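Chemist:
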Amino acid sequence: MVKKTKKRAKTVKKKTKVKGTNYTAKDIEVLEGLEPVRKRPGMYIGGTDIHAMHHLVSEVLDNSMDEVVSGHANKVDVKLLDNTTIEITDNGRGIPVDKHPKFKLPAVEVILTTLHSGGKFSNKNYQTSGGLHGVGVSVVNALSKKLELEIARDKKFYTQSYSKGIKKNKLKTISRGSIKKGTKIKFTPDDEIFGKENFDSSIIYNMAKAKAYLIPNVEINWSCPKSLIKKNVPTQDKLHYAKGIHDYLSALTSPSEPIFDEEFYFKVNIDDNGNNLEAVINWFDAIDPINESYCNTIKTPLGGTHENGFKNGMFKAFKEFSKIKYERKASQIIQEDLFGSSASILSIFIENPEFQGQTKEKLSSIEPGKKIETKTKQVFEQWLAKKTKTAEQLFLYAYNRSQLRLQNKSELAIERQSKRKKITLPGKLADCTISGNKGTELFLVEGDSAGGSAKQARDRQSQAILPLRGKILNVISASRDKINANQEIIDLVQALGCKRGDNYNPKDIRYEKIIIMTDADVDGAHIATLLMGFFYNEFPKLIDDGQLYLSVPPLFKISKGGKIFYAVSEKHKDEIVKKEFKNSENIEINRFKGLGEMMPAQLKETTMSPENRTLLKIQIASKDKKKTKKSIEALMGKKPELRFKFITENSKKVSAENIL
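Take the sequence shown: its position 610, counted from the start at 1, is 610 in the numbering used here, and no numbers get skipped.
1. Could you give the C-beta distance for Y158 and L112, rounded to a whole number, given that I count them as a contact under 8 Å?
2. From the DSSP output, read off the bridge partner residues of F556.
3. So E263 and K638 are supposed to be a Cβ contact under 8 Å. How far apart are they, rounded?
4. Along the chain, where does the beta strand (DSSP E) that runs through Y44 open and close?
5. In whole angstroms, what separates the C-alpha of V76 from that of K299?
6. Is the closest heavy atom of the ligand HEM to the C-beta of G165 under 7 Å?
7. Out of curiosity, what's the CA-to-CA distance linking N408 and L394?
8. State the beta-bridge partners of L80 as determined by DSSP.
9. If you drop the 5 nearest sequence neighbours on each side, which residues of the same chain put their C-beta closer than 7 Å to that of S559?
10. For A450 and Q456, what's the separation of their Cα atoms in angstroms?
11. Quick one: which unbroken alpha helix (DSSP H) runs of 4-plus residues sit fully inside the region 233-304? Chain order, please.
12. Give me, in chain order, the residues of the same chain whose beta-carbon lies closer than 8 Å to that of K438; leave out the 5 immediate sequence neighbours on both sides.
13. To the nearest angstrom, report how far apart D191 and K145 are at their CA atoms.
14. When the distance is taken between beta carbons, is G47 closer than 8 Å to H72?
15. For M517, report the span of its beta strand (DSSP E) as first-last.
16. If you drop the 5 nearest sequence neighbours on each side, which residues of the same chain put their C-beta closer than 8 Å to that of L496?
17. Would DSSP call K421 helix, strand or coil?
18. Compute the beta-carbon to beta-carbon distance between I193 and L115, rounded to the nearest angstrom, for a pair I have assumed lies under 8 Å.
19. So the beta strand (DSSP E) T607 belongs to, where does it begin and stop?
20. Within this structure, are the beta carbons of F284 and I259 separated by less than 8 Å?
21. Could you tell me which residues DSSP pairs with E35 in its beta bridges?
22. How far does the beta strand (DSSP E) with T159 in it reach, from first residue to last?
23. My output table needs one value for A464: the three-state DSSP class, helix, strand or coil.
24. Use the C-beta contact count for E580: other C-beta atoms within 10 angstroms, 16 or more gives buried, fewer gives exposed.
25. Could you check whether the region 97-104 touches the region 56-73, counting it as contact only if at least three pairs of C-beta atoms, one from each stretch, sit closer than 8 Å?
26. So what does E446 bridge to, in DSSP terms?
27. Considering only their Cβ atoms, is the gap separating M517 from S551 smaller than 8 Å?
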């Protein structure tokens with residue numbers, strides 16, 4: 001066997017040698033025209049997946065927006081015609097059609113069939129642009145099964161068709177076109193490249209919407225067949241936002257309430273060449289940071305030098321302001337503390353932007369980044385000096401975040417030093433005796449009376465009881481300081497034994513199940529809602545892991561003779577009476593006013609014993625998370641008008657019997 005292996009190895013060597021020996025000039029391939037794009041699409045659009053397919057749309061839309069930014073257009077139409085075909089039109093100058101001096105072909109044909117061609121290399125036609133016209137459109141053309149072009153220029157009309165980057169006909173002059181002025185491009189991505197991928201109306205609609213926010217003087221008309229509608233995308237929409245990025249920030253953060261009344265906004269030139277910066281930022285309670293940045297209307301999801309310059313400039317100004325006024329306290333604040341729950345939009349327009357990679361997801365231009373940092377620092381210093389009240393609030397916000405960060409860091413260090421971390425438990429907690437959390441349950445009970453019954457009804461080995469005093473704080477609308485100071489919340493967090501938010505570690509939680517057990521009436525439902533809001537806001541991962549439950553206590557006890565039944569609602573009660581008792585005479589029906597009225601044995605039998613009880617697991621499907629967040633903010637947030645609107649819109653869905 002060893003010999004055979006050696007022989008095979010020798011054969012492989014021989015083949016490798018022959019292959020190398022025959023490697024000559026004829027083996028060198030030269031890919032001409034658009035062949036390189038079709039051979040290696042990933043080099044130009046980052047892949048062949050759905051993201052790459054939508055990048056084609058972005059390239060065409062960016063060209064139309066360049067016409068808008070340069071002042072030659074004010075209207076763009078984006079029409080999603082079917083799953084794989086889109087049409088984008090602008091009322092700009094129209095792509096040039098005259099003969100190119102070198103190639104002796106119409107300029108539009110050179111642009112569509114030649115890489116690195118176009119009118120954006122110099123600043124003669126476009127001071128700033130989202131990319132090189134020829135690279136973008138030629139790549140779209142190369143990767144499209146079909147591309148149709150219409151140009152209206154100098155009161156003349158032209159059309160031309162392409163397939164996979166190859167022209168199907170010469171540029172035609174027609175007597176009348178479908179547009180009066182500008183360029184229309186309709187294309188269908190090639191399924192040989194993208195497989196069965198389809199356009200997503202939501203992605204394209206939001207792409208167009210973002211462009212409209214960035215340029216207040218543009219009107220983008222959106223249309224899409226009803227069959228392709230998804231995720232709240234309209235069939236038609238006129239996208240025009242007079243307040244620009246102010247409107248954008250409101251849309252991104254709605255319905256969350258800002259912590260401060262005044263946002264920081266500015267628009268400045270960063271040099272004498274007309275390169276400019278526009279930015280807005282505000283701070284919100286309990287949101288993940290939102291950073292939307294753009295260069296020449298192109299979204300840069302990976303950030304880059306412009307984002308870094310903006311944040312560095314703001315932070316340097318903030319630190320200098322803080323050191324003068326607050327001295328030593330300021331030294332503990334880092335950039336993360338200032339921007340922790342902020343939302344910002346940054347838009348720059350610069351000449352000759354440099355991006356990391358062909359897909360332009362990150363700006364790498366060094367010099368503009370330095371200029372942005374300098375300008376941002378100057379403007380933010382002036383803003384802090386002028387807005388003294390907001391500046392003071394902002395310092396306290398950042399300082400409190402720094403203290404929380406340092407506290408968590410200290411706790412983590414102590415935890416690492418000792419495997420046996422000492423936990424202080426609230427005095428009113430009746431804990432279970434099992435070590436470890438497997439099979440354990442923590443019941444959150446409304447009031448001392450119910451807590452007393454629950455303590456008697458529980459299985460002491462596996463069930464713990466924490467009585468809560470009345471309605472806990474609504475954490476959705478409360479400030480962080482108020483949440484941290486609330487005694488009921490302090491007790492609850494101590495009982496759970498784990499940290500909140502981003503610092504939550506599922507290994508630290510002391511119980512396998514957390515069960516909310518409240519009265520089966522309106523007040524009980526209210527308390528349960530507040531508790532669910534608390535876990536949603538402070539321990540979202542606990543919900544994701546399926547550890548939060550609602551108990552279903554009975555509302556009625558129905559008895560006759562030796563038969564006893566429990567009902568959780570009026571409807572359930574009527575069903576039991578009808579099914580179990582042929583004769584309705586002498587039936588005794590008792591309504592429980594609360595858990596405290598139930599005997600411990602009844603509470604155990606109906607609500608706490610795993611053999612008989614009903615539990616509802618609290619879950620949020622990943623596809624519903626945004627919708628859930630919006631509903632919670634509307635119903636439990638600070639804005640009563642959102643609550644009124646929600647109730648008005650949804651009241652018809654609730655029947656009388658569903659109201660407790």
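Ideal placement from N, C-alpha and C gives every residue a C-beta, glycine not left out. Since the model is a prediction, treat every value here as computed from it, not as a measurement.
Modeler: Judging by the given coordinates:
1. Rounded, the Cβ-Cβ distance is 12 Å, inconsistent with contact.
2. A567 and R591
3. Going by Cβ atoms, the distance from E263 to K638 rounds to 17 Å, so no, they are not a contact pair.
4. Here Y44 belongs to no beta strand (DSSP E); instead the alpha helix (DSSP H) covers G42 to I45.
5. 18 Å
6. In the structure shown, the ligand HEM is absent, as is every other ligand, since no ligand is present at all.
7. 21 Å
8. I86
9. E588
10. 10 Å
11. 245-253
12. E512
13. 7 Å
14. no
15. K513 to M517
16. L442, I509, R510, Y511, I514 and F539
17. With a pLDDT of 47 at K421, under the threshold of 50, the modelled position of that residue is not reliable, and the figure given next carries that caveat. Reduced to three states, the DSSP call for K421 is coil.
18. Between L115 and I193 the Cβ distance is about 17 Å, and since that is not below 8 Å, they are no contact.
19. Careful: T607 lies outside any beta strand (DSSP E) and carries neither H nor E.
20. yes
21. Answer by DSSP bridge pairing: none, since E35 is not bridged.
22. K156 to S163
23. strand
24. exposed
25. no
26. L468
27. yes
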